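Heads up: the structure comes next, in structure tokens.
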Amino acid sequence: MLKKHLSLAVLVTLVWGVNFPITKLGLRAIDPFVLTGIRFALAALPLVFFIKRPAVKFSYVAAYGFIFGLGMWGVINYGIQVGVSPGIASLIIQLSVFFTMGWGFVLFKEKIRGAQMVGAVLALVGLAGIISTQEGNHAVLGVMLIVLSAVAWSVGNVIIKKSGVKEIFSFMVWASLIPPIPLFLTAWLMHGGAAFEGLQTSLDLTAVLSILFQVYLATHFAYWGWNSLLKLYPVSTVAPLSLLIPVFGITSSMLMLDERISTPNLISIGIIIAGLAVGLYRKPVNLAPAEPQPIVHMDR
């Protein structure tokens, strides 16, 4: 990978990792589903008036928007508010890698390598370790919600693959039109009007900056950068770099939120990262030309 592209990849993973504690800052004053709804409303508007709709069936756009907005980010934010630390959430969401592999096997008849199976087992062992150390029903519920969001992300990956979309940025902008109403409706069903009361006063500088970071850096910039790299390089080259996301997520959570991670959780985190590394690793293909074989002259 060229240095400029590697720098872009590191910057994207940094943005995605830091997005978790920054989202937590926004959740201190705003309902998680309302916050997520505002995020996607701003991600869509006013850009949809200037960017042409992607050349795929709108059903793909709508399905992805619903899954990605409500099923993934709405659930992630709710899980963080319930009690999961942003750093651990940034790690657990990476399990979508193995869920995506599973969908590939079931729907597209893709082979699952032995290393991927070993990686998945290690990741599940680490996840079980994290769940076992959570104190209280709310904390366990939060972890399970993040796992559910990882499943939703994997479904979103399948939708993108099935759609065959090429205009990724346009796809993201138009898909962002879909989740605000379901997200606001979910907030109302769960908490009634209380979810929206005092919203104007809750939008202090910290909340506003949190939302702007989520919209323009974590959504627009990061997804553009990541998918641009996927167009230039094989998935096996780009995907392992996603291991930097939980590294940045955990580190930034410790710095910004004074998050502390217990020794048992650190061990479980190490096991999950090892599982992801094993599952994502592919032996480099040797593209060097074969050496010419000597010509052997046979006596007649």
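Numbering (the numbering used here), first residue to last: 1 to 300.
Think of the CB as a built atom: it goes at the ideal place given N, C-alpha and C, for glycine as much as any other residue.
Quick caveat: nothing in here was measured; it's all calculated off a predicted structure.
For T13, collect the residues of the same chain with a Cβ closer than 7 Å to its Cβ; drop the 5 residues on either side in sequence, then sort them by chain order.
Same-chain partners within the cutoff: L241, S242, L244, I245 and F248.
What did DSSP end up calling P179 once you bin it into helix, strand or coil?
In the three-state scheme derived from DSSP, where H, G and I count as helix and E and B as strand, P179 is classed as coil.
Cβ-based burial, Q200 [other Cβ within 10 Å; buried from 16]:
It counts as exposed.
When burial is assigned at 16 or more other CB atoms within 10 Å of the CB, is L255 buried or exposed?
With fewer than 16 Cβ atoms within 10 Å of its Cβ, L255 is classed as exposed.
For A120, the first and last residue of its enclosing alpha helix (DSSP H)
Membership of A120 in the alpha helix (DSSP H) is indicated by the continuous run G114 to T133.
Measure the beta-carbon distance from I178 to G65 and round it to whole angstroms, keeping in mind my assumption that it falls under 8 Å.
About 3 Å separates the two Cβ atoms, so the contact holds.
May I have the straight-line CA-CA distance separating S96 from G74, to the nearest angstrom?
Counting only the Cα atoms, G74 lies some 16 Å from S96.
Among the residues of its own chain, which have a CB less than 6 Å from the CB of S176, if the five just before and after it don't count?
In the same chain as S176, and ignoring 5 residues on each side of it, the C-beta atoms closer than 6 Å to its own belong to F40, A43 and A44, in chain order.
With a threshold of 16 other CB atoms inside 10 Å of the CB of L6, please say whether the residue is buried or exposed.
Exposed, by the Cβ-count rule.
Identity of the residue in L141, A195, F68 and V121 nearest I160 by Cα:
The candidate whose alpha carbon is nearest that of I160 is F68.
From A139 to H220, what distance separates their C-alpha atoms?
Roughly 31 Å between the two C-alpha positions.
Quick one: what's got a C-beta closer than 6 Å to H297's C-beta in the same chain, skipping five residues either side?
Low local confidence applies: a pLDDT of 44 at H297 is under 50, so the model's placement there is unreliable, with the coordinate-based value given in what follows. Excluding positions up to five away in sequence, the list is empty.
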